[in-house]
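Numbering (full-length UniProt numbering), first residue to last: 1 to 307.
Each residue gets a CB set at the ideal place from its N, CA and C atoms; glycine is no exception.
To start, the structure under review is shown below, and the notes come after it.
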Ligand code: SF4
């Protein structure tokens with residue numbers, strides 16, 4: 001049996017958890033490749049126009065996996081532990097079922113919905129059962145996977161702290177973007193690469209310690225409903241004093257981000273902010289020009305301050 005994992009949306013948040021869980025259960029899996037033109041083109045064809053670019057890309061990855069595995073992992077997550085999640089995650093399973101109803105893909109899913117006592121561990125035990133594994137095997141695999149996920153996150157936090165310490169004099173830009181956008185080959189990678197070409201250091205908001213970020217998000221807004229946005233917003237107080245500017249990067253037309261970004265622009269007055277909406281159009285020339293001007297302005301200000 002081979003499980004297909006779409007390299008999009010929650011993959012970037014849960015890749016260590018999923019991959020280690022399957023490794024420990026000795027289950028073969030395949031992850032779809034980095035987003036490319038073909039995948040994004042297919043995603044755009046399958047998705048409805050109103051979908052955000054990230055969801056369109058997700059459908060392209062599902063389509064890529066369709067004839068290469070026995071089951072495709074499509075979780076249904078209704079709630080995060082610190083607030084609700086975007087409706088796209090709540091509806092993901094049903095969207096995939098309906099979009100590909102003619103091909104009848106076999107989907108492997110788990111539900112997270114604290115309202116009906118479906119917590120993460122219970123969900124993984126149920127998924128293990130569906131894969132024919134004993135409860136004790138699935139529990140062991142889940143606990144190991146959680147440890148691996150935690151260690152990987154601690155390593156990222158440590159590496160980012162080293163990066164901040166080693167580059168005190170360089171222009172540092174905090175990137176506020178969902179993990180599936182910032183790490184995507186098509187959406188986020190061209191931006192982080194271009195910032196490095198400009199001699200700036202990208203600091204990834206998503207790497208911030210999650211619990212601390214959730215608490216600190218209250219310093220900016222106490223009424224944000226979305227758990228993943230709270231984690232990103234809370235990274236601003238954590239890193240703000242050690243960066244020179246902030247880029248808010250969203251996938252068009254993201255509902256939660258458009259509201260949250262507006263709040264951030266109104267409430268953060270002591271750092272320059274650039275708001276970038278990525279819409280999947282060909283070419284990055286316009287975005288590169290805006291990035292270049294943003295970094296130039298910050299660099300002039302920084303040089304002025306340091307004489
Ligand atoms: S939060 Fe925004 S980018 Fe993410 S899935 Fe929802 S609409 Fe799409």
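Just verifying my parser: in three-state terms, what is the DSSP assignment at residue i?
{"i": "residue 57", "result": "helix"}
{"i": "residue 274", "result": "strand"}
{"i": "residue 30", "result": "strand"}
{"i": "residue 172", "result": "strand"}
{"i": "residue 71", "result": "strand"}
{"i": "residue 79", "result": "strand"}
{"i": "residue 103", "result": "coil"}
{"i": "residue 1", "result": "coil"}
{"i": "residue 38", "result": "helix"}
{"i": "residue 112", "result": "strand"}
{"i": "residue 308", "result": "Nothing can be reported for residue 308, as the shown portion of the chain is limited to 1 through 307."}
{"i": "residue 223", "result": "coil"}
{"i": "residue 256", "result": "helix"}
{"i": "residue 347", "result": "The displayed coordinates of the chain run from 1 to 307. Any statement about residue 347 would go beyond what the structure contains."}
{"i": "residue 237", "result": "helix"}
{"i": "residue 10", "result": "coil"}
{"i": "residue 248", "result": "strand"}
{"i": "residue 202", "result": "strand"}
{"i": "residue 94", "result": "helix"}
{"i": "residue 118", "result": "strand"}
Just to confirm, is the Cβ distance from residue i to residue j under 8 Å?
{"i": "residue 59", "j": "residue 3", "result": "no"}
{"i": "residue 108", "j": "residue 140", "result": "no"}
{"i": "residue 5", "j": "residue 11", "result": "yes"}
{"i": "residue 182", "j": "residue 204", "result": "yes"}
{"i": "residue 233", "j": "residue 220", "result": "yes"}
{"i": "residue 312", "j": "residue 27", "result": "One cannot answer for residue 312 here, as it falls past the ends of the chain, which runs 1 to 307."}
{"i": "residue 272", "j": "residue 294", "result": "yes"}
{"i": "residue 100", "j": "residue 62", "result": "yes"}
{"i": "residue 224", "j": "residue 230", "result": "yes"}
{"i": "residue 130", "j": "residue 173", "result": "no"}
{"i": "residue 149", "j": "residue 9", "result": "no"}
{"i": "residue 44", "j": "residue 280", "result": "yes"}
{"i": "residue 127", "j": "residue 103", "result": "no"}
Consider the C-beta atom of residue i and the heavy atoms of the ligand NAP; say whether any pair is separated by less than 7 Å.
{"i": "residue 181", "result": "The ligand NAP is absent from the structure shown, which contains only the ligand SF4."}
Rounded to the nearest angstrom, how far is the Cβ of residue i from that of residue j, given a contact under 8 Å?
{"i": "residue 244", "j": "residue 298", "result": "5 Å"}
{"i": "residue 52", "j": "residue 253", "result": "6 Å"}
{"i": "residue 291", "j": "residue 198", "result": "7 Å"}
{"i": "residue 54", "j": "residue 180", "result": "5 Å"}
{"i": "residue 227", "j": "residue 83", "result": "4 Å"}
{"i": "residue 138", "j": "residue 25", "result": "7 Å"}
{"i": "residue 249", "j": "residue 188", "result": "7 Å"}
Legend entry - Residues surrounding the ligand SF4 [beta-carbon distance to nearest heavy atom under 5 Å]: 52, 54, 86, 88, 251, 254, 256
Legend entry - Cβ contact (3+ pairs, closer than 8 Å) linking the segment 28–35 and the segment 148–161: no
Inset, instruction - Mind the definition here: the segment 99–116 touches the segment 61–79 only if three or more C-beta pairs lie below 8 Å; say whether that holds. - result: yes
Inset, instruction - Tell me, please, whether the segment 202–217 touches the segment 237–255 by the rule of three or more beta-carbon pairs shorter than 8 Å. - result: yes
Legend entry - Cβ contact (3+ pairs, closer than 8 Å) linking the segment 278–294 and the segment 256–265: no
Inset, instruction - Please confirm if the segment 164–178 is in contact with the segment 139–153, defined as three or more CB-CB distances below 8 Å between the two stretches. - result: no
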